[in-house]
Structure formats: C-alpha cells, structure tokens
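All remarks here apply to the structure that follows.
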Amino acid sequence: MSGAGGATPESTRPVCVLVGAPGSGKTTVGEALAGLLGVEFRDTDLDIERMAGKPIPEIFIDEGEAHFRTLERAAVAAALAGCAGVLALGGGAVLAEETRAALVGHAVVHLSVELPDAVKRVGLGAGRPLLALNPRATLKHLMDQRRPLYTEVATATVVTDGRTPDEIAAEIAALLKR
Ligand SMILES: Nc1ncnc2c1ncn2[C@@H]1O[C@H](COP(=O)(O)OP(=O)(O)O)[C@@H](O)[C@H]1O
Ligand SMILES: O=C(O)C1=C[C@@H](OP(=O)(O)O)[C@@H](O)[C@H](O)C1
Ligand SMILES: [Mg+2]
2 MSGAGGATPE STRPVCVLVG APGSGKTTVG EALAGLLGVE FRDTDLDIER
52 MAGKPIPEIF IDEGEAHFRT LERAAVAAAL AGCAGVLALG GGAVLAEETR
102 AALVGHAVVH LSVELPDAVK RVGLGAGRPL LALNPRATLK HLMDQRRPLY
152 TEVATATVVT DGRTPDEIAA EIAALLKR
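Going from the sequence shown to my numbering is simple: count from 1 and add 1.
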C-alpha cells in the first residue's frame, strides 16, 4: 500500500497516518508500529500541546473546542509535510474538510473499534475533555458521526477489537510492505 501522489517529497511523507475513534489505539499502536519499522513516531495531539504550551484539557477549558480545532488543522498540515515516520492524528481531526482533503494521496489506516472496547480503553481517564461527561453515550455519538469520515479518508481499515497493539502493528507493517 503506497501513498503515491501529492506535492510533498517522498522523504518527508509519513509512511503511515493513523485515524480512528478515541480509544482505537492510534497513539499506542502508532508507537509500536514506529518501533517495528525503525522510524519516528509523531502524534498531532502532542504537537498541539507543545505549540499551546499546555495540555489538551486546558486548551478546551481556556480557549474552547473551536480554537483547539484551529490548532489541530495547522498541526496536521505541518505533520503531513514534515513527518517521515508514523503519524497518529487525534480522533476528531477528520471533522475538518481541509484535513480530509490533505490526507488524499497518503497511506491512511483506519483503526476500527466497536463501542465496548473503546469504552473499556478510554476508561475514566481525564485526558479527553469531550468524554468528561457521560463517556459511553458521548463516545457512541462521536463514533456514529465520524465512522463515514474515517472510511472516506482511509486507504485501509484494521480491526482492533480484542487484539493487542503489537498484533495490530504487525498487521499494518505487513500491509505497508504490499
Ligand atoms: N489494542 C488494544 N488493546 C487493549 N488496550 C489498548 C489497545 N490499544 C490501546 N489500548 C489502551 O487504550 C487506551 C487508549 O489508547 P490510545 O492509544 O491513547 O488511543 P487513541 O490515541 O486512539 O485515543 C490506552 O490506555 C492504551 O494503553
Ligand atoms: O475525538 C476527539 O475529538 C479528540 C480526541 C483526542 O485524541 P485521541 O483520539 O487520540 O484520544 C484529542 O485530539 C482531543 O481530546 C479531541
Ligand atoms: Mg491518541
């Protein structure tokens, strides 16, 4: 699965971009995959936190979701042009039409997850402000709303339910060799 096309030189294109719902494992699997391939790992959520100088929940509290999405669009554009390894996006990045357009021509893997595993994985963690209230219902709503968008941008889908991050990373590595 090659990510041909687009204006970015091959040397600065991500080998793989991971999209999917919160709890699908983009950050965890992305790190494992980068280790397997011996390439850098980048996560736009970390780039945003560095850019803003504070954690994501604080950005939501201080400046609101719209501002976070503005930072996110910029972070994704910069990472698509400057990352030569594995790139994990935040679960809501695909909401932006601009970002979906920018993903065309890249190798984009959708990590699919059903509600039961997603709920178990995000647990009651405090790092996802959108899931702070009623996590199960909110996650269901987000997943129903976004599933078509993940499908739209993906060049491959990998099921994650009931599987370990290492198994999933190995499947993606095999896909990328095709
Ligand atoms: N395949 C998996 N099986 C079990 N737990 C997982 C799996 N993938 C991720 N996790 C756990 O779920 C939580 C959320 O994973 P994370 O990688 O942050 O997801 P995302 O970046 O997609 O929101 C973490 O605690 C992580 O250890
Ligand atoms: O689903 C979302 O809108 C969000 C998902 C988070 O990333 P993960 O999908 O890595 O949890 C993070 O970008 C932010 O809290 C918003
Ligand atoms: Mg993540």
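Ideal Cβ placement from N, Cα and C applies to all residues, glycine included.
Check your understanding: What do you reckon, is the C-beta of D167 under 8 Å from a heavy atom of ligand 3?
Key -> no
Check your understanding: Could you give the C-beta distance for L104 and V159, rounded to a whole number, given that I count them as a contact under 8 Å?
Key -> Contact flag wrong, Cβ pair sits at about 16 Å.
**Study point:** Per DSSP, the bridge partner or partners of A89
**Key:** L19, D44
Practice item. Taking A157 as part of the beta strand (DSSP E), name the residues at either end of that continuous run. Key: 157-160
Review point. Are the region 86-96 and the region 60-74 touching, with three or more C-beta to C-beta distances below 8 Å?
Key: yes
Review point. Would you say S25 touches ligand 2, meaning its beta carbon is less than 8 Å from a heavy atom?
Key: yes
Check your understanding: When we look at the beta-carbon of K178 and count the other beta-carbons within 10 Å, is it buried (16 or more) or exposed?
Key -> exposed
Practice item. Check whether the Cβ atoms of V120 and P130 sit closer than 9 Å, and answer yes or no. Key: no
Check your understanding: Touch check for the region 47-57 and the region 132-146: three-plus C-beta pairs under 8 Å?
Key -> no
Review point. With respect to 8 Å, is the separation between the Cβ of D118 and the closest non-hydrogen atom of ligand 1 below this value?
Key: yes
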